[in-house]
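**Student:** Please read through the structure below; I'll follow up with questions.
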Amino acid sequence: MEAKPSQGLYPLHRCKTIHLVRHAQGVHNVEGEKNHDAYFSEDLFDAHLTPLGWQQVDNLRKHVKASGISNRIELVVVSSLLRTLQTAVGTFGGEGYIDGVDAPPLMKAGAGGSDRPAISSLNRTPFIAVESCREHLVRHAQGVHNVEGEKNHDAYFSEDLFDAHLTPLGWQQVDNLRKHVKASGISNRIELVVVSSLLRTLQTAVGTFGGEGYIDGVDAPPLMKAGAGGSDRPAISSLNRTPFIAVESCREHLGVHPCDRRSSITKYSELFPAVDFSLASLVETDEDVLWKPDIREEDKDIAARGVKFMNWLSTRKEKEIAVVTHSGFLYHTLNSFGNDCVPSVKSEISSHFANCELRSVVLVDKCMIGSDPPVTNYPGRSSE
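Just so you know, this note's numbering puts 122 at position 131 of the sequence shown, and the rest follows in order with no gaps.
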């Protein structure tokens, strides 16, 4: 009978130790325990630590020093909120700060309403405050090419479907998605809309995330002119809307199918005046030189393009972004992700999108920072 070990054996260089710390007691914890409605109070904006919270920090600091953890830490990653910043620098920061030394303090004296002196960064590990980027991925609504392609796949080769526009049903799908993003609060949180530079995605993007009816004569140009792309739709306002950027790098499979060939940027700029087509590195030329009549982009190439696009998104300053793109692009791009997840999560991430489907994901920059011995947990005592 074959012996099966109950332990797992891994190469040391592949093992990472992460010391997870919840922030110390904040003023919101105290008030929230008294009355849950207190969490809705603006008085608790970016809550700071309580005096008891600082005692908890002092106790944890003693523990990480006595256990040797503080000497082994190579990086401190901290949420960008006041209470977590105070907890992080108080626990893992240096001793008393001496004014005039070359290294700036990790925390200035009295930061966040505390009675604490400045905390030194001298000979300390790096501290990084991070946020993840939340993306709302949207496949365009039904286009005329979808209808004709379902009847006969050869229709995708037809010049009649050049730069395919939305169908009436497609516009209904846009209306429904618009209601959803408004009711769910997504539309109020979006800081940027990134859209593939094809007609059907532009129509979907401005119809979903654009403003209400456009009033002629206002200073702001419309996101879409009335009747753009053969639709029966009125003009769509850009007033008080988030920026819209059209890019080439999240287009559908390039080549062969005329429905995936775009019109000129000059034409698009006329139809969608408030959309930004100026990113020269992403919208290379006025005419479409990326699409080839006899060469269809390979799956591995669209996946590589998609990963490059995701990397570009991660460099943006915006933290909540809507991306309006295509089924093939999404499928091959997202299949490059989730390999470190369980199969059910991988499947959820990378399955095909329906027309006008929206999925919300978080783009996280993962850092591999070296191996470490096992951690000694600390229970979070209130006082000693």
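Even glycine gets a Cβ: it sits at the ideal position worked out from N, Cα and C.
Tell me, to the nearest whole angstrom, how far the beta carbon of residue 50 is from that of residue 85; I am working on the premise that it is less than 8 Å.
**Tutor:** 18 Å between Cβ atoms; not a contact.
**Student:** Would you kindly check if the distance between the Cβ of residue 162 and the Cβ of residue 254 is under 8 Å?
**Tutor:** It is not a contact, given that the beta carbons lie outside the stated cut-off.
**Student:** Tell me which residues share the same chain as residue 72 and place their Cβ nearer than 7 Å to its Cβ, disregarding the 5 neighbours each side in the sequence.
**Tutor:** Excluding sequence neighbours, residue 72 sits near 37.
**Student:** Going by DSSP in three states, residue 415 sits in which element: helix, strand or coil?
**Tutor:** This structure cannot speak to residue 415, because the chain is shown only from -8 to 375.
**Student:** Tell me which same chain residues have a C-beta within less than 6 Å of the C-beta of residue 300, skipping the five on either side of it?
**Tutor:** Closer than 6 Å at Cβ, skipping near neighbours: 240 and 241.
**Student:** Take residue 244 and list the residues in its own chain whose beta-carbon comes closer than 7 Å to its own, dropping the five residues that flank it on each side.
**Tutor:** Correct list, in chain order: 251, 287, 288, 293 and 319.
**Student:** May I have a chain-ordered list of the alpha helix (DSSP H) segments no shorter than 4 residues that lie completely inside the region 42 to 84?
**Tutor:** Listed in chain order, they are 42 to 57, 60 to 63 and 73 to 83.
**Student:** Would you tell me roughly how many angstroms separate the C-alpha atoms of residue 118 and residue 124, rounded to the nearest one?
**Tutor:** Approximately 19 Å, taken between the alpha carbons.
**Student:** Distance, Cα to Cα, residue 48 vs residue 68?
**Tutor:** Each residue's Cα considered, the two are about 16 Å apart.
**Student:** So the beta strand (DSSP E) residue 294 belongs to, where does it begin and stop?
**Tutor:** Note, residue 294: premise wrong, no beta strand (DSSP E); alpha helix (DSSP H) at 290 to 306.
**Student:** If we ignore side chains and look at the alpha-carbon of each, how far apart do residue 15 and residue 264 end up?
**Tutor:** Roughly 50 Å separates the two Cα atoms.
**Student:** Buried or exposed for residue 209, going by 16 or more other Cβ atoms inside 10 Å?
**Tutor:** So residue 209 ends up on the exposed side.
**Student:** Who are the Cβ neighbours of residue 22 in its own chain at under 7 Å, not counting the five residues just before and after it?
**Tutor:** Taken in chain order, the residues that qualify are 29 and 35.
**Student:** Judging by CA-CA distance, which residue of 77, 96 and 89 is the nearest neighbour of residue 103?
**Tutor:** The option with the nearest alpha carbon to residue 103 is 77.
**Student:** In the DSSP assignment, the alpha helix (DSSP H) including residue 350 goes from what residue to what residue?
**Tutor:** It is not in any alpha helix (DSSP H) - residue 350 instead sits in the beta strand (DSSP E) that spans 349 to 354.
**Student:** Which of the three DSSP states, helix, strand or coil, is assigned to residue 127?
**Tutor:** DSSP places residue 127 in strand when its eight states are reduced to three.
**Student:** For the region 171 to 252, list the beta strand (DSSP E) runs that are entirely contained and at least 3 residues long, ordered along the chain.
**Tutor:** Fully enclosed beta strand (DSSP E) runs of 3 or longer: 183 to 187 and 235 to 238.
**Student:** Quick one: give me the first and last residue of the alpha helix (DSSP H) that residue 336 is part of.
**Tutor:** Start and end: 334 to 341.
**Student:** Taking the alpha-carbon of residue 256 as reference, which of 156, 190 and 184 has the nearest alpha-carbon?
**Tutor:** For the residues 156, 190 and 184, the minimum Cα distance to residue 256 belongs to 190.
**Student:** CB residue 186 to CB residue 196, shorter than 8 Å?
**Tutor:** Result yes, Cβ atoms of residue 186 and residue 196 sit closer than 8 Å.
**Student:** Taking Cβ positions, are residue 312 and residue 126 nearer each other than 8 Å?
**Tutor:** Contact flag set, yes.
**Student:** Please identify the residue among 317, 12, 303 and 343 whose C-alpha is closest to the C-alpha of residue 70.
**Tutor:** The residue with the shortest Cα to Cα distance from residue 70 is 12.
**Student:** For the alpha helix (DSSP H) holding residue 138, just list the boundary residues, first then last.
**Tutor:** Looking at the DSSP string, the run of the alpha helix (DSSP H) that includes residue 138 is 135 to 142.
**Student:** Whole angstroms are fine: how far does the CA of residue 236 sit from the CA of residue 273?
**Tutor:** Reliability fails at residue 273, whose pLDDT of 49 lies under 50, so the model's placement of it is uncertain and the value that follows must be treated cautiously. So the alpha carbons of these two residues sit roughly 10 Å apart.
**Student:** Please name the residue, chosen from 39, 147 and 220, that lies closest to residue 258 on a Cα-to-Cα basis.
**Tutor:** Looking at the Cα atoms, 220 is the closest of the given residues.
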